[in-house]
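Under my numbering, the sequence shown has 138 at position 132, and the numbering climbs by one with no breaks.
Cβ atoms here follow ideal geometry from the backbone N, Cα and C, with glycine treated the same way.
Given the structure is predicted, the values throughout are model-derived calculations rather than measurements.
Please read the structure below before turning to the comments.
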Amino acid sequence: MSGPRFAAVGAGRMGRGIAISFAYAGYRIALVDLRRRTPRALQALHEEAGAEIRGALQGLAKLGAVREEQIPEIASRVDFVDADGAPAALAAAELVFEGVPETLEAKRDAFEAMNRHCRDDAILTSTTSSILVTQLAQLVRRPGRFLNMHWLNPAYLIPVVELSTHPGTSAAVLARTRALMESIGKVPVVCGPAPGYIVPRLQALIMNEAARMVEEGVATAEEIDKATRFGLGLRFAALGVVEFIDFGGCDILHHASREMAGSIDAARYRAPAIVGRMMEEGRLGLKTGSGFFDYAGRDVGAYRLDVLSRVLGQLRQAGLWHPPGDGTLS
């Protein structure tokens, strides 16, 4: 059996981004187009995909992430495969990504081909952002080897990939998938079969609230974006959201939610039941030794210093850290 160990089914934007990720990491990957096309249409698609892949790599070269002379070699690791070559490419792959348009009809057609040609031990994934893994699992032969995988754009740059499993997903398959993704420098995170994964579910709330503040005249778009980049975003780049709750204290979230539920919108700002339970149990986070995480036996001083180091690193990266002043006005 020959051919790349990986295949992306669907030669659109997502498939191309996935292909760049593997090619950049040193692996060959098949970019598979299942549609029957005229020779002219097929050539046009091939040229378009190649131009986008080279363009992305040239952008990285301008930023110093790759050398210009490395681009041809990296791009050559992407094998463009048409419908005639699809059976062989799918048969050779151990990890396959479905990235066709977001309709059940298109997904069904793609999985029919994958079921027919992929070997039994191949891991099959869908990159859907809108269809639940439990729904798509029904289209897969041997569904224990299937899960959804949500990439964040640009797929070749953002490290996090969200793995959404269904109750039948094999633990061994999940472990293999995580290891393979880590081998190309990705950071896999796992969630259950819930709409919105993790990141889209959180960011939709933030984006809607930002748009609402512009609509209400609370602040301009420019001011909101400054606050987001250098306040909210900077802190959440240094601490995870749940870690942030524990670090400040669950009681702070509880009281802030109560106040904003009363003054802004009861439904939007009502705290979930878990926050109330933690308040009742005295599990407020770092200050009480337990919250969402357990701090028993942890060197709290060293942990606080580590958090400060992370924040300081973000400030320096953003060019916002300055040495102490001497009180002289310029």
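- For Ser-315, the enclosing alpha helix (DSSP H) starts and ends at 306–323.
- Taken in chain order, the whole alpha helix (DSSP H) runs of length 4 or more contained in the stretch 38–116 are 45–68, 77–81 and 92–98.
- Contact annotation, Glu-168 with Val-224: C-beta distance approximately 31 Å; criterion of less than 8 Å not satisfied.
- Rounded to the nearest whole angstrom, the CA to CA distance from Glu-265 to Arg-304 is 33 Å.
- DSSP, reduced to helix, strand and coil, places Val-167 within a strand of the structure shown.
- Three or more Cβ pairs closer than 8 Å define a contact, and the stretch 25–41 meets that threshold against the stretch 83–98.
- Counting the other Cβ atoms within 10 Å of the Cβ of Asp-252 gives 16 or more, which makes it buried.
- For the options Glu-229, Asp-271 and Leu-101, the alpha carbon positioned closest to that of Ile-24 is the one of Leu-101.
- Apart from the 5 residues on each side of it in sequence, Ala-143 sits with its Cβ closer than 6 Å to the Cβ of Pro-149, Phe-152 and His-172 in its chain, given in chain order.
- Distance between Ser-189 and Tyr-203, taken at the CA atoms: about 22 Å.
- If you compare the alpha carbons of Leu-245, Glu-79 and Val-139 with that of Val-313, the shortest gap goes to Leu-245.
- For Phe-242, the uninterrupted alpha helix (DSSP H) run begins and ends at 239–244, by DSSP.
- Residue pairing by DSSP places His-156 opposite Glu-168 in a beta bridge.
- Cβ atoms of Ser-296 and Ala-277 stay farther apart than 8 Å, at about 18 Å.
- Ranked by Cα distance from His-260, the first of Glu-249, Gly-237 and Glu-286 is Glu-286.
- DSSP places Leu-145 outside both helix and strand once states are collapsed to three, so it counts as coil.
- CA-CA distance, Lys-113 to Ala-17, rounds to 14 Å.
- The residue from Phe-236, Thr-44 and Ala-31 with its alpha-carbon nearest to that of Gln-320 is Phe-236.
- In the three-state scheme derived from DSSP, where H, G and I count as helix and E and B as strand, Cys-124 is classed as coil.
- Between the alpha carbons of Asp-271 and Lys-232 lies a distance of about 24 Å.
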